[in-house]
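Q:
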Amino acid sequence: MRKIDKIIQYHIDNNLTAMSKKFTGQLNDEEISEVKNVIALNLKLKKLRVAPAFGKHSFEEVISRLDIEKPAVKRKFSFSYFSAAAVSMSALLLVFMIGGMSLTKNSSPSSKDSIASVSDIAADGSVDSISNLSLADLKIEQAQLKNDNSADESTKIDFASTSNMDEAINEKF
Amino acid sequence: MKNFNTFIAKSVLISMVVAVGLVMSPASLANEDTQRFCTKLGPISQGMISGMQNKKLPAIKNRPIDKSKFKALRLETDRKRQELFAKLYEKYPSQANKQALDEYKSSIDKSFEMRHQKVDSIRENFINSVNQLASSYNYSTAELESKVITSVQAASDMAQTKCSQGLDQDLIRTSYRQSIISARDSFIANKTIKELDNRKIENLIEQRNSDIESVHNQFLSMIKEAKVRLIAALK
Chain A
50 MRKIDKIIQY HIDNNLTAMS KKFTGQLNDE EISEVKNVIA LNLKLKKLRV APAFGKHSFE
110 EVISRLDIEK PAVKRKFSFS YFSAAAVSMS ALLLVFMIGG MSLTKNSSPS SKDSIASVSD
170 IAADGSVDSI SNLSLADLKI EQAQLKNDNS ADESTKIDFA STSNMDEAIN EKF
Chain B
201 MKNFNTFIAK SVLISMVVAV GLVMSPASLA NEDTQRFCTK LGPISQGMIS GMQNKKLPAI
261 KNRPIDKSKF KALRLETDRK RQELFAKLYE KYPSQANKQA LDEYKSSIDK SFEMRHQKVD
321 SIRENFINSV NQLASSYNYS TAELESKVIT SVQAASDMAQ TKCSQGLDQD LIRTSYRQSI
381 ISARDSFIAN KTIKELDNRK IENLIEQRNS DIESVHNQFL SMIKEAKVRL IAALK
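Order-wise, the sequence lines are chains A and B. First residue of the first sequence? That's 50 in our numbering, and the numbers climb one at a time after it. First residue of the second sequence? That's 201 in our numbering, and the numbers climb one at a time after it.
Structural data, given as structure tokens:
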């Protein structure tokens, strides 16, 4: 995962509304601009609140409930909050219009409908698990191969041994 | 005159003592040993050959190829890996994801397959080479031992023949000793060459370790590249 992806993911996950100086030093102008887009969206999301029917849920939570990975939740949302959704439709549209581009591939619902994001794959740890498993398997194999060393030593001793028939001759002289 | 006679008597006595001393000199004892050589030749030769037979070097046994060494580990890793892939497909079921994941899975599976096949092949080739060396070692050792035994036996037979012909035992003994020393020195020289030759085994071990390390590095690169390609496909 690229550093910029990690930083963007970090800002999305933590709903950050400002960019730390520790990040600006690590990124170029273009990357800083990408992060700032995420921050701008986070700021807008924070300000917007849905209708009372959504209770204390903020927009980011509503969006997360629309995640295609949870189709059952989506259906539940569609029916049980239908009327409330209508009330907040304008707000939702506003969010999608603003964030459609800025959320980028990493977190936009439309992106998730088609293809998983790098951050999704990285965040759920599946790929890391496969990489870690591969490394662990390699380490175990290397450890098992070290057991060959004792057999090698034994073989080396066998080959280093030579016939001592000359001793039998010397004993008789 | 009396003194002169006493002097003569003493001189005669001294001469007699010297004569007896000369008869009992080491040279004479050596001659007695030489005279006994032919009678001792048989037991000496048999003892020597028997001692050499007892010191024959046992043959190096072939090393088995343990194909099952990694079997359990590989089965377990394969099972865990397939489980992780199944979860990944479950989480990202869309067709677009599937293509990227298929390619990722295929690359990872190929990396494992490549590593397993190459490591097995390297280990198998190594064992085969070691066993070939062992076979050659056993053959050349047996040949070397057989040659020195034959030489000692031939020297003994020759000396025995000369003894039965009543030839000078001193000469027989000297000739016999020279033949035995020659056989021994030739044996030592050849076994030294063999010792140097046996360092081939260390070269084989080093080569095997280096080849396996190279495969392991290749495996790591393939795993890394597969991940990079997956990330690129998802961008």
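Note that beta-carbon positions come from the ideal geometry of N, C-alpha and C, so glycine has one too.
(1) Using the beta-carbon of each residue, which ones in chain B are nearer than 7 angstroms to Glu220/A?
(2) Which value, in whole angstroms, describes the spacing of the CA atoms of Arg236/B and Ile244/B?
(3) Compare the C-alpha of Glu313/B against each of Ala433/B, Ile431/B, Ile423/B, Val428/B and name the closest.
(4) Looking only at its chain, what residues have a beta carbon closer than 8 angstroms to the beta carbon of Gly174/A, apart from the 5 residues adjacent to it on each side?
(5) Counting only the same chain and skipping the five closest in sequence on each side, list residues whose C-beta sits under 6 angstroms from that of Thr211/A.
(6) Once you ignore the five residues that flank Lys394/B on each side, which residues in its own chain have a CB closer than 8 angstroms to its CB?
(7) Using a C-beta cutoff of 9 angstroms, does Asp78/A count as contacting chain B?
(8) Between Met214/A, Ala185/A, Lys55/A, Asp177/A, which has its C-alpha nearest Gln253/B's C-alpha?
(9) Please decide whether Thr175/B counts as near chain A, where near means a Cβ-Cβ distance under 9 angstroms.
(10) What whole-angstrom Cβ distance do Met248/B and Ile218/A have, given they're in contact under 8 angstroms?
(11) Less than 9 angstroms between the C-beta atoms of Ile426/B and Ser311/B, yes or no?
(12) Can you tell which of Ser307/B, Asn297/B, Asn331/B, Gly242/B has the C-alpha that lies nearest to the C-alpha of Lys400/B?
(13) Would you mind telling me which residues of chain B sit closer than 8 angstroms to Gln191/A, beta carbon to beta carbon, in chain order?
(14) Return the Cβ separation of Ala359/B and Leu241/B in integer angstroms, given the expectation that the two are a contact with Cβ distance under 8 angstroms.
(15) Check whether the Cβ of Lys205/A lies closer than 9 angstroms to any Cβ atom in chain B.
(16) Report the rounded CA-to-CA distance for Tyr304/B versus Leu187/A, giving the unit in angstroms.
(17) Grouping DSSP H, G and I as helix and E and B as strand, with all else coil, what is Arg236/B?
(18) In angstroms, rounded to a whole number, what distance separates the CA positions of His416/B and Asn196/A?
(19) Considering Ile179/A, what are the terminal residues of the alpha helix (DSSP H) in which it resides?
(20) For Arg408/B, report the span of its alpha helix (DSSP H) as first-last.
(21) Less than 8 angstroms between C-beta atoms, sequence neighbours within five positions excluded: which residues of the same chain meet that for Ile349/B?
(22) Give every residue of the same chain whose Cβ lies closer than 7 angstroms to the Cβ of Ile260/B, excluding the five residues on either side of it in the sequence, and list them in chain order.
(23) Rank Asn63/A, Gln75/A, Thr204/A, Ile179/A by C-alpha distance to the C-alpha of Leu92/A and give the top, closest one.
(24) Is Asn213/A helix, strand or coil by DSSP?
(25) Just the C-alpha distance for Gln317/B and Glu324/B, rounded to the nearest angstrom, thanks.
(26) Please list, in chain order, the chain A residues whose beta carbon lies closer than 7 angstroms to that of Lys240/B.
(27) Check Pro293/B in the structure and name its three-state DSSP category.
(28) With 16 as the cutoff for other CB atoms within 10 Å, does Val428/B come out buried or exposed?
(29) Using a C-beta cutoff of 9 angstroms, does Lys55/A count as contacting chain B?
(30) Where does Asn77/A land, buried or exposed, given buried means 16+ other C-beta within 10 angstroms?
A: Let me lay it out:
(1) Gly251
(2) 12 angstroms
(3) Closest by alpha carbon: Ile423/B.
(4) Once the five neighbours on either side are set aside, Gly174/A has no close Cβ partner at all.
(5) Cβ contact annotation for Thr211/A (same chain, cutoff 6 angstroms, sequence separation greater than five): none.
(6) Tyr337, Ser340, Thr341, Leu344
(7) no
(8) Comparing Cα-Cα distances from Gln253/B to each of Met214/A, Ala185/A, Lys55/A, Asp177/A, the minimum goes to Met214/A.
(9) Here chain B covers residues 201 to 435 and nothing more, so residue 175/B does not appear.
(10) With a Cβ gap of about 6 angstroms, Met248/B and Ile218/A count as contacting.
(11) The sequence as given places Ala at residue 426/B; Ile does not occur at that position. For Ala426/B and Ser311/B, yes; Cβs fall inside 9 angstroms.
(12) Nearest C-alpha to Lys400/B: Asn331/B.
(13) Taking a Cβ-Cβ cut-off of 8 angstroms, the neighbours of Gln191/A in chain B comprise His416, given in sequence order.
(14) About 6 angstroms; that satisfies the 8 angstroms criterion.
(15) yes
(16) 19 angstroms
(17) Arg236/B: helix per DSSP, three-state reduction.
(18) 17 angstroms
(19) 175-195
(20) 400-433
(21) In its chain, beyond the 5 residues on either side, Ile249, Met252, Gln253 have a beta carbon closer than 8 angstroms to the beta carbon of Ile349/B.
(22) So the list reads Ala334, Tyr337, Asn338, once near-sequence residues are dropped.
(23) Out of Asn63/A, Gln75/A, Thr204/A, Ile179/A, Asn63/A has the C-alpha closest to the C-alpha of Leu92/A.
(24) Asn213/A falls in the coil class under three-state DSSP.
(25) The straight-line gap from Cα to Cα measures roughly 10 angstroms.
(26) Chain A residues near Lys240/B: none, gap ~11 angstroms exceeds 7 angstroms.
(27) coil
(28) exposed
(29) False, the Cβ-Cβ gap to chain B never drops below 9 angstroms.
(30) exposed
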